[in-house]
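Counting in the numbering used here, the sequence shown runs from 101 upward without gaps. Idealized CB from N, CA, C, for every residue including glycine. Data first, discussion second: the structure below is written as structure tokens.
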Amino acid sequence: MFIYDQLKHPDKRLRHLVVILLLGLGILVLRLWWLQVYLASDYVQQHERQAVRTVRVPALRGVITDRNGHVLADNEPAFNVSIYLEELRDDIARAYQVELAKIREESNSLVRAVEMQRGRPLTRKERAAFRISKEVTEQVKKKARVLTVSNLVARVSEITGVNLEFNEARFERHYQAMRPLPFVILAEAEPIVVARISENGTQLKGVDLELQPKRIYPHKQFAAHVLGHLQKVQESLEGEVAFFNYPMWVYRGVVGIEAGFDSVLRGRSGVKHVILNSLGYKHEECMIEEPIPGSRVELTLDFEIQSVAEAALRKLGSRVRGAIVVLDCQTGEILALVSSPAFDPNLFVRGLTKGEWNDLNDPELRPMLNRATQNIYPPGSVFKIVTALAILEAGIDPNQKIYNPPSPLNPRRGHIQIGRRIIHDTAPPGEYDFRRGFIKSSNTYFITNGLKVGITSIINMARRVGFGEIVGLPTRQESAGIIPSIERIRSGWSDGDTANVCIGQGPVAVTPLQVAVMTAAIANGGKVLQPSFVRQVGSTKFNQQPTRALIRRFLNVKPSTLHAVVEAMAADVEDPESTAYAAFHPGGKFALQRFRVGGKTGTAEVEDARGNVVDHVTWFTSFGPIDNPKYVVVVMVESGGSGGGTCAPIARDIYVALEQVDGRRKDRQFYD
Numbered sequence: 101m102f103i104y105d106q107l108k109h110p111d112k113r114l115r116h117l118v119v120i121l122l123l124g125l126g127i128l129v130l131r132l133w134w135l136q137v138y139l140a141s142d143y144v145q146q147h148e149r150q151a152v153r154t155v156r157v158p159a160l161r162g163v164i165t166d167r168n169g170h171v172l173a174d175n176e177p178a179f180n181v182s183i184y185l186e187e188l189r190d191d192i193a194r195a196y197q198v199e200l201a202k203i204r205e206e207s208n209s210l211v212r213a214v215e216m217q218r219g220r221p222l223t224r225k226e227r228a229a230f231r232i233s234k235e236v237t238e239q240v241k242k243k244a245r246v247l248t249v250s251n252l253v254a255r256v257s258e259i260t261g262v263n264l265e266f267n268e269a270r271f272e273r274h275y276q277a278m279r280p281l282p283f284v285i286l287a288e289a290e291p292i293v294v295a296r297i298s299e300n301g302t303q304l305k306g307v308d309l310e311l312q313p314k315r316i317y318p319h320k321q322f323a324a325h326v327l328g329h330l331q332k333v334q335e336s337l338e339g340e341v342a343f344f345n346y347p348m349w350v351y352r353g354v355v356g357i358e359a360g361f362d363s364v365l366r367g368r369s370g371v372k373h374v375i376l377n378s379l380g381y382k383h384e385e386c387m388i389e390e391p392i393p394g395s396r397v398e399l400t401l402d403f404e405i406q407s408v409a410e411a412a413l414r415k416l417g418s419r420v421r422g423a424i425v426v427l428d429c430q431t432g433e434i435l436a437l438v439s440s441p442a443f444d445p446n447l448f449v450r451g452l453t454k455g456e457w458n459d460l461n462d463p464e465l466r467p468m469l470n471r472a473t474q475n476i477y478p479p480g481s482v483f484k485i486v487t488a489l490a491i492l493e494a495g496i497d498p499n500q501k502i503y504n505p506p507s508p509l510n511p512r513r514g515h516i517q518i519g520r521r522i523i524h525d526t527a528p529p530g531e532y533d534f535r536r537g538f539i540k541s542s543n544t545y546f547i548t549n550g551l552k553v554g555i556t557s558i559i560n561m562a563r564r565v566g567f568g569e570i571v572g573l574p575t576r577q578e579s580a581g582i583i584p585s586i587e588r589i590r591s592g593w594s595d596g597d598t599a600n601v602c603i604g605q606g607p608v609a610v611t612p613l614q615v616a617v618m619t620a621a622i623a624n625g626g627k628v629l630q631p632s633f634v635r636q637v638g639s640t641k642f643n644q645q646p647t648r649a650l651i652r653r654f655l656n657v658k659p660s661t662l663h664a665v666v667e668a669m670a671a672d673v674e675d676p677e678s679t680a681y682a683a684f685h686p687g688g689k690f691a692l693q694r695f696r697v698g699g700k701t702g703t704a705e706v707e708d709a710r711g712n713v714v715d716h717v718t719w720f721t722s723f724g725p726i727d728n729p730k731y732v733v734v735v736m737v738e739s740g741g742s743g744g745g746t747c748a749p750i751a752r753d754i755y756v757a758l759e760q761v762d763g764r765r766k767d768r769q770f771y772d
């Protein structure tokens, strides 16, 4: 009988019932169409969201080279020994069934024992107390996977000969949070281990080698404070996808060039989708965005010159605290920058031990500190270059002589009295004009004339040469130093304070790089340059073109002023009376063949908060060749003996090597 016939039935109630049934059937069909057709795409997307995970694929980090293509920071392949859990699903399932069967047998045995004790079968309700709970089932599952993986780790350990410890807590964290990804059991395996894994692959189901790039610094501590170091991070970085389900570790620069050019060096991470099965294991994967490698960064450093500078400072011992800057005085390019003690950036890639961390934070040595650009020091007598510029510009006659009276405590030394205070002079008593005052580094001469021109002129000149300001180095390790402000001078300033500043003591502190920039301005005719670390970024071809100097300002001093200072610096190396003569004339013979060098020594006192002298800082700043200036060499050593005795010999060794380097390169150019 058809529904249509029922609609014609004379019974009115039956007809109404048929209509209601038809309406209900229509609503059901409409609802099925709505769910399975209209909302089908929404359910597909929801399923995909539940089954697809986004994985970061780290990009290859860019290479850092010196100006001639010598690689300073590179990447090398590293192999991780990893377990791919999706390949162990069947093994884990079998282990689970075995363990579960044991639990069931124990439960059944317990039921039988209770029944025998009571002399009757247990009721269904009583048997329910002996059922295996969900909690027990989960514990059995955990035991099965831990047993399977730990046995496999032990097998890998046996084959490779490496003592591998299975960390159950670490494995469980990985299993719960990152199950589709390989579980690393040995990072950065040695070549012999890689070979043994490859040879025995058929015996190690689920084990494979995972290739990952590793950042390396092939010369270890070489130029460490310029290159900087890295840290591993998981959060999304600028330019990446905002969210990763599995944000694999990537490197991020912390300090140095690695930090300043991090966005260029790290490239752009790729994106990979991992599709999961119902158990949460990886089913398949596909690359959505390929990673884009980082760009090459070419530094201004010269590998040969940097090597020479590091070796020269190392002669004072591995624990020496000091810095060296070698600057191109015509372009501002930093050819070498040394800070000692140094550190090995590779340690941060591998991961620091507690002992290594303690060594890096040694409160005395502070190897992480960039002493060339970051730490500030009293300049001592190298500041007399600033005082010299100020007094000569103010019209002080360089031939005018100042008498340096003998000290009451040591008649062989001079002194000057400011009020009730006596400032001792290492220069002997006698008359001093500008040249002799400079090469003997007479405190009396520079204080007397400094007081005549006034502190404002001296401070203004200090700022003109670049003291008291940062230049924006990309290494993120830079200090402005200390130069008294006008407000400081106007409030309680005394002649004693001015006297201190004239000789580089008191409220004055600078970095070795700032001293190098000042010296370059003397050498190049008055141009205060922007120092630079980087020649070019991104290009695969090396920059053979001369670098164009970036001039921050001009000293705007008279040519006669610069000439007088240059001649005085030359005399500080060449005059037998000078403080640097002995260093550059070992055995009475000038150490250089072609270079004439000008310089200035300095020794500064370091005082504690109570004004007690607790240490000394020694300096030698210089440039050469005088006739055609090219190089500035600044040496600073903490706790040194004197500028002439400690720092000048180091600079001499660097100039000897620079002569040889220049000679070899000119010969190559000639034959090329």
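Report, in whole angstroms, the separation of the C-beta atoms of residue i and residue j, which I expect to be a contact under 8 Å.
i, j, result
"cysteine 429", "proline 158", "About 41 Å; that fails the 8 Å criterion."
"alanine 297", "leucine 309", "Note that residue 297 is isoleucine in the sequence shown here, rather than alanine. Contact flag correct, Cβ pair sits at about 6 Å."
"glycine 394", "arginine 366", "5 Å"
"valine 284", "serine 182", "5 Å"
"arginine 576", "glycine 360", "6 Å"
"lysine 552", "lysine 700", "Rounded, the Cβ-Cβ distance is 21 Å, inconsistent with contact."
"threonine 721", "valine 734", "5 Å"
"alanine 748", "alanine 680", "4 Å"
Would you mind working out which of the options sits nearest residue i, comparing C-alpha positions?
i, options, result
"threonine 400", "Tyr681, Glu569 and Ile357", "Ile357"
"proline 479", "Gly568, Lys501, Ser395 and Ile405", "Gly568"
"glycine 702", "Ala683, Arg710, Glu674 and Ser742", "Ser742"
"leucine 692", "Gly360, Leu125, Gly724 and Gly301", "Gly724"
"aspartate 166", "Glu258, Glu433 and Ala709", "Glu433"
"proline 391", "Ile259, Val171 and Ser369", "Ser369"
"arginine 564", "Glu493, Gln500, Asn504 and Asn267", "Glu493"
"proline 676", "Gly572, Ile405, Leu551 and Lys540", "Lys540"
"alanine 671", "Asn168, Arg536 and His170", "Arg536"
"glutamate 206", "Asp727, Ile522, Val236 and Arg765", "Val236"
"leucine 188", "Ile518, Leu304, Tyr755 and Asn208", "Leu304"
"asparagine 504", "Gly495, Ile491, His524 and Ala490", "His524"
"glutamate 578", "Ala709, Val326, Gly625 and Ser407", "Val326"
"leucine 435", "Ala409, Lys484, Leu465 and Leu130", "Ala409"
"arginine 161", "Gly638, Thr598, Asn251 and Val482", "Gly638"
"valine 253", "Lys241, Ala527 and Phe266", "Phe266"
"leucine 662", "Ser678, Met618 and Phe448", "Met618"
"alanine 323", "Arg765, Val438, Val697 and Ala682", "Val438"
"alanine 228", "Phe684, Asn300 and Leu210", "Leu210"
Across which residues does DSSP place residue i in a beta bridge pair?
i, result
"leucine 309", "Val181"
"arginine 653", "Val628"
"asparagine 779", "Shown here, the chain extends from 101 to 772; a query on residue 779 therefore has no answer."
"asparagine 175", "Arg315"
"arginine 521", "Ile518"
"leucine 399", "Val634"
Any beta carbon of chain C sitting closer than 7 Å to that of residue i?
i, result
"alanine 442", "Protein chain content of the structure displayed is limited to a single chain, and chain C is not contained in it."
Please say whether residue j and residue i have beta carbons closer to each other than 7 Å?
i, j, result
"cysteine 602", "phenylalanine 546", "yes"
"alanine 488", "valine 737", "no"
"leucine 613", "threonine 473", "yes"
"alanine 616", "valine 761", "no"
"glutamate 759", "phenylalanine 654", "no"
"proline 467", "proline 441", "yes"
"glutamine 331", "arginine 315", "no"
"glycine 596", "arginine 521", "yes"
"glycine 604", "serine 418", "no"
"alanine 620", "leucine 427", "yes"
"isoleucine 192", "arginine 245", "yes"
"alanine 580", "isoleucine 518", "no"
"valine 256", "valine 307", "yes"
"valine 163", "arginine 396", "yes"
"proline 313", "asparagine 175", "yes"
"glycine 744", "alanine 668", "no"
"histidine 329", "proline 445", "yes"
* Taking one C-beta from the region 554–571 and one from the region 455–470 each time, how about it: are there three or more such pairs within less than 8 Å? -> no
* Asked: Between the region 195–202 and the region 309–326, are three or more C-beta pairs nearer than 8 Å?
  -> no
* Asked: Counting pairs of beta carbons, one from the region 585–597 and one from the region 503–512, are three or more of them closer than 8 Å?
  -> no
* So does the region 648–661 actually touch the region 620–635, counting three or more Cβ pairs closer than 8 Å? -> yes
* To do: For the region 285–304 and the region 257–265, state whether three or more C-beta atom pairs, one from each stretch, are separated by less than 8 Å.
  => yes
* To do: Determine, using beta-carbon pairs with one atom in the region 711–720 and one in the region 494–503, whether at least three such pairs fall under 8 Å.
  => no
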